[in-house]
Amino acid sequence: MMIKRLLPFVLLASAMSPYAFAAPPALPLDDRQALIETLLERMTLAEKIGQLRLISIGSDMPRERIAEEIAAGRIGATFNSVTRTDNRPMQDAALRSRLGIPIFFAYDVIHGHRTIFPISLALASSWDLEAIALSGRVSAIEASADGLDLTFAPMVDITRDPRWGRTSEGFGEDPYLVSQIAGTLVRTYQGQRLSASDSVMASVKHFALYGAVEGGRDYNVVDMSPQRMHQDYLPPYRAAVDAGAGGVMVALNTVNGMPASANRWLLRDLLRDDWGFRGLNISDHGAIDELLRHGVAPDGRTAARLAIEAGIDLSMHDSLYLQELPGLVERGEVPIELIDQAVGRVLGAKYDLGLFHDPYLRIGKAADDPVEVNAESRLHRDAARQVARDSLVLLENRQQTLPLRKEATIALVGPLADSHVDMLGSWSAAGVAAQTVTLRQGLEAAVGATGQVIHARGANVTDDPRLIEYLNFLNWDRPEVTQDPRPPQAMIDEAVRAAREADVIVAAVGESRGMSHESSSRTSLALPASQQALLEALVATGKPLVVVLMNGRPLQLGWVKEHADAVLETWFSGTEGGHAIADVLLGEHNPSGKLPISFPRSVGQIPTYYNHPRLGRPYVEGRPGNYTSQYFDESNGALYPFGYGLSYTKFELSKPQLSGHKLKRGQNLEVSVTVKNTGERAGATVVQLYLQDLVGSSVRPVKELKRFEKLMLEPGETRLIRFELGESDLKFHDAKLDYVAEPGEFEVQLGLDSRAVISERFELL
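Next comes the structure, spelled out in C-alpha cells:
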C-alpha cells in the first residue's frame with residue numbers, strides 16, 4: 001500500500017467513539033505542526049501513551065501478540081526487527097489502529113548493517129572523515145533497504161579507561177576527533193533529506209558521560225565536575241545535536257548522583273534549553289524500571305513520573321509508562337502538557353522520516369522484497385575493504401619485516417586467524433559471520449600459488465572455563481567461542497612445527513569479540529595466558545614474528561613490543577577484514593592508521609590519555625623522578641601515544657610557520673607546515689595540530705587536538721599544509737562555565753602523533 005498524500009483511517013473504534021460512524025477529516029500533511037496538533041486533539045490519553053512505547057520484539061513481545069498491540073494503539077515504535085517481510089505486517093497493523101498513525105522501526109546499526117565495516121574504534125583509527133562518511137552512508141542505504149527508520153548511533157562517549165567493554169563501540173579519547181566523527185556520521189546517516197527512502201534517523205548515544213564510568217565497569221556511576229564535563233565529555237554529543245541528530249539515547253549511568261534517565265538538568269536544562277535540541281529522547285533498554293534499583297524511585301509510579309518529568313519521550317523495553325502514566329495524569333501528578341510534548345516529538349520524528357506521507361517509504365512493496373535477505377549482491381564489499389585497510393595501525397616494524405614477500409612460506413597461527421564471527425566485532429547488526437573473510441582466507445587468496453600459508457590454531461582464545469561460560473552465555477544455542485579439545489601443549493607444538501617450516505610467522509592474537517562488548521569490562525588488559533604461552537613458544541623458534549592484533553580496546557603490549565618484529569593493530573575489521581589485513585601485510589596497501597586512544601603500559605597506569613591537565617610537579621622524561629607525579633616502578637607515559645602509527649615509508653615535517661605572532665580577536669591565524677615523503681613508497685599520513693594554553697584562569701591541558709589533515713604523498717613529494725585558527729579554537733569553559741578565550745600566550749604543536757611535535761608560539765591579544 002503506497003500512501004502519497006492522504007493518510008486513510010481504518011476505524012476500529014467502539015460505538016462510543018465520536019468517529020465510529022464517520023471518518024475524521026484528512027490530516028494536514030503539508031504542515032508539520034498543524035498535523036501534530038490535529039492528532040493530539042483527536043487522541044485519547046491511552047493512545048498518546050501508546051506512542052511513547054518503544055517495544056523490543058522478542059521474549060517480552062512475541063510476534064504473535066505484537067500486531068494486536070500495535071493495532072490497539074499501544075505501541076509507537078519497535079526495534080530488533082530487520083527485514084521488510086517482518087516489518088510490513090506491523091505497519092499494516094498500525095494503519096488499522098483507530099487513528100492510523102504509522103510506527104517506525106529501529107535497530108543498532110553501529111558500524112554497518114549487512115556489510116560490516118570495522119568497529120567504531122577502528123573507524124576512528126583511519127582519521128579519514130571521507131572513509132567514515134562512506135561507512136555511514138552505506139549503513140544507511142542497507143538499513144533503510146530492510147525497512148529500518150532509525151539507528152541507535154553514533155556512539156560518541158569519550159573513553160579514557162580501556163577496561164570498559166564498550167571502548168570498542170566508541171571513537172576514542174579525544175573530544176575534537178570524536179566530535180568531528182559524530183557530526184560526519186549524523187549527516188551521512190540522515191542524508192540530504194531525512195525523509196528520503198535511503199536515509200535513517202541518527203540517535204546519538206549515550207547521553208551522557210557513559211564512557212567515564214568509575215573503574216571502567218559498565219553501568220557504574222559517574223561523578224564529574226561540571227567544568228570537566230563541558231570541556232572534555234559533552235562536546236561530541238553537542239556536535240551530533242548541532243549536525244541535526246533526530247534522536248538522543250539516554251545513558252544508563254548516574255550523572256553526579258542522579259540517573260541520566262531521571263536527570264532533569266541533563267535532559268531539559270542542558271539538552272533542550274541550552275543546546276536547543278527538539279528531537280526525541282529515548283531511554284536505554286529497561287532504564288526507567290532500573291530507577292527502582294538505582295534507589296531514586298520507591299515504586300513504578302514514581303519511576304515513570306521521574307522519567308517523563310526529566311524528559312524521556314520514548315520508553316524502551318519496559319511497561320511502566322503504559323501502567324503508570326494514565327493514573328499519574330488522572331491524579332494530576334503529571335500534567336497532560338508533559339505527555340503532549342513527548343507525543344508531539346514522537347509524531348514529529350515520524351513526520352520528519354516521511355512516514356505520514358508514506359508509511360511504507362522504506363519497507364516498499366512486497367513484490368520488490370529481496371528473494372534472499374542475505375544475498376551476496378546486497379553487500380558493499382569494495383567499500384568495506386577500502387575502509388578497513390585505512391583503519392589498520394602499524395605499531396612496530398623492525399628491520400622492515402613488513403611487507404611480506406608473496407613468495408614466502410608463512411606460518412599463520414593463532415585462535416583468531418580463521419574466526420569468521422570475530423571479524424564482525426561487537427554490535428554487528430544484521431551481519432552474517434559466514435560472509436566475512438578471515439585472515440586465513442585473505443592471506444591464502446593474496447599469496448595464491450606464489451607462496452605458501454601453513455595454518456595452525458596454536459591456542460584457544462582462553463582456556464579459562466569461567467570466561468568461556470561468560471562469553472557464551474548469551475549465545476548458548478550457537479556458542480561464539482569454540483574450544484579446540486586438544487591439550488594446550490599439543491596445539492603449541494603444532495604451531496611450532498609450522499613455524500620451523502616457514503620463513504616468517506604471522507600470529508593472530510587478541511580478544512574474541514565478546515571480550516570487547518557491552519558488560520564485558522576487564523580487570524586485565526593482558527593477552528590471555530593461552531595466547532601468551534603460544535607467542536613465547538613462537539619467539540623461541542627464532543623466526544621473524546609478525547603479531548596481528550584483533551581486539552576492541554587497547555591491550556597491554558609491553559612484552560609484544562619487546563619481542564615481536566612487527567605489530568599490526570587490526571581491531572575487528574569487518575566483512576572484508578581478511579582481505580584488508582592481507583593487503584597491508586603483503587604491501588598492496590601502505591598502512592596509514594593512527595591511534596585514536598592511548599595504549600597504557602599496564603592497567604595500573606590508567607588513565608593515560610594524552611590531553612591531561614598540567615600539574616605542579618610533572619614528571620619529565622630524563623630527569624630525576626623523586627617528588628614528581630610518576631609511577632616509580634614502571635616507565636611513565638603511554639606505551640603507544642594518541643595519534644601514533646607507522647608507515648612503510650617515512651615522512652618529515654618542517655618547522656611550523658605562523659602568519660603572525662599576535663592574534664587579534666575576530667581575526668584568524670594561519671599555521672603552515674611542509675610535509676615530505678622521504679621514503680621509497682607512496683603513503684598517507686595524518687598531520688596533527690595541537691594547542692597548549694600556557695597560562696589560564698583554570699588549569700589547562702598539556703595539549704589539545706585542534707586540527708588534522710590526512711594526505712597521500714608519492715616518494716619524494718612535498719606538500720604545504722595550511723591550517724587556520726581563530727578565537728573560537730582558543731576557548732574553554734572556565735570555573736564559572738563561561739566559554740571564554742583568555743588573552744595570553746599559546747603554543748602551536750605540529751606532529752605525526754601527539755608526542756613527537758614541533759612547536760611555535762603566538763599571543764592572543
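Numbering (the working numbering), first residue to last: 1 to 765.
Glycine included, C-beta positions come from ideal geometry on N, C-alpha and C.
Can you tell me where the beta strand (DSSP E) holding residue i begins and where it ends?
i	result
Tyr-107	104–107
Ala-499	That residue, Ala-499, is in no beta strand (DSSP E); its alpha helix (DSSP H) goes 488–500.
Gln-692	683–693
Glu-173	First-last for Glu-173: undefined, no H or E at that position.
Gln-749	744–751
Leu-395	393–397
Val-620	No beta strand (DSSP E) contains Val-620, which DSSP labels as neither H nor E.
Leu-267	It is not in any beta strand (DSSP E) - Leu-267 carries neither H nor E in the DSSP assignment.
Glu-704	704–713
Leu-412	409–413
Under the three-state reduction of DSSP, which class applies to residue i: helix, strand or coil?
i	result
Pro-18	Any reading at Pro-18 must be qualified, since the residue scores a pLDDT of 33, below 50, and its modelled position is unreliable; the value itself is stated next. Looking at Pro-18 - three-state DSSP - the assignment turns out to be coil, as it is neither helix nor strand.
Asn-460	coil
Phe-473	helix
Leu-150	strand
Lys-365	coil
Met-515	helix
Gln-483	coil
Ser-126	coil
Gln-192	coil
Ile-454	strand
Arg-238	helix
Leu-658	strand
Ala-526	coil
Thr-302	helix
Pro-162	coil
Gly-726	strand
Tyr-631	coil
Tyr-321	helix
Ala-145	helix
His-589	coil
Leu-663	strand
Hey, out of the options, whose CA is closest to residue i's CA?
i	options	result
Gly-574	Phe-117, Asp-484, Ala-307 and Glu-670	Phe-117
Leu-328	Tyr-351, Thr-302 and Lys-350	Thr-302
Val-567	Leu-615, Tyr-619, Tyr-644 and Gln-630	Tyr-644
Phe-356	Ser-647, Ala-106, Arg-32 and Glu-333	Arg-32
Ile-141	Asp-198, Asn-256 and Tyr-470	Asp-198
Val-82	Leu-95, Ile-75, Val-109 and Ala-449	Val-109
Ile-288	Ala-449, Leu-713, Tyr-610 and Leu-54	Leu-54
Val-603	Met-90, Gln-531 and Arg-522	Arg-522
Tyr-189	Ala-240, Arg-160 and Arg-345	Ala-240
Ala-342	Glu-214, Arg-398, Arg-268 and Ala-459	Arg-268
Gly-666	Ser-647, Tyr-610, Gln-688 and Leu-725	Leu-725
Asp-146	Arg-98, Ile-336 and Tyr-107	Tyr-107
List the residues that DSSP assigns as beta-bridge partners of residue i.
i	result
Lys-205	Met-155
Lys-676	Glu-652 and Thr-718
Phe-762	Phe-746
Met-61	Gly-58
Arg-53	Ser-315
Val-699	DSSP output for Val-699 lists no bridge partner at all.
Met-229	Looking at the DSSP assignment, Met-229 forms no beta bridge with any residue, so it has no partner.
Phe-79	Ser-56 and Ala-106
Glu-569	Val-393 and Leu-549
Glu-214	Glu-214 pairs with nothing; no bridge assigned.
Ala-182	Ala-182 pairs with nothing; no bridge assigned.
Pro-259	Thr-254
Gly-247	Ser-203 and Leu-280
Residue i lies in the alpha helix (DSSP H); which residues open and close that run?
i	result
Gln-91	84–96
Leu-280	No alpha helix (DSSP H) contains Leu-280, which is instead part of the beta strand (DSSP E) from 280–282.
Thr-167	Thr-167 -> no alpha helix (DSSP H), and no H or E assigned at all.
Met-423	420–424
Ile-336	336–352
Val-603	Here Val-603 belongs to no alpha helix (DSSP H), and DSSP marks it neither H nor E.
Ala-445	439–447
Could one say the Cβ of residue i lies closer than 8 Å to chain D's Cβ atoms, at least one of them?
i	result
Leu-639	Reference to chain D is not applicable here, since this structure consists of a single protein chain.
*When the Cβ atoms of the region 235–242 are set against those of the region 158–178, are three or more pairs found closer than 8 Å?*
Cβ pair count under 8 Å is three or more, so yes.
*Check whether the region 372–389 touches the region 510–530, counting contact only when three or more Cβ pairs, one atom from each stretch, lie closer than 8 Å.*
Touching, no, given that fewer than three Cβ pairs across the two stretches are closer than 8 Å.
_Closer than 8 Å is the cut-off here; do at least three beta carbon pairs connect the region 310–330 with the region 44–53?_
By the Cβ test, the region 310–330 is in contact with the region 44–53, since at least three Cβ pairs between them sit closer than 8 Å.
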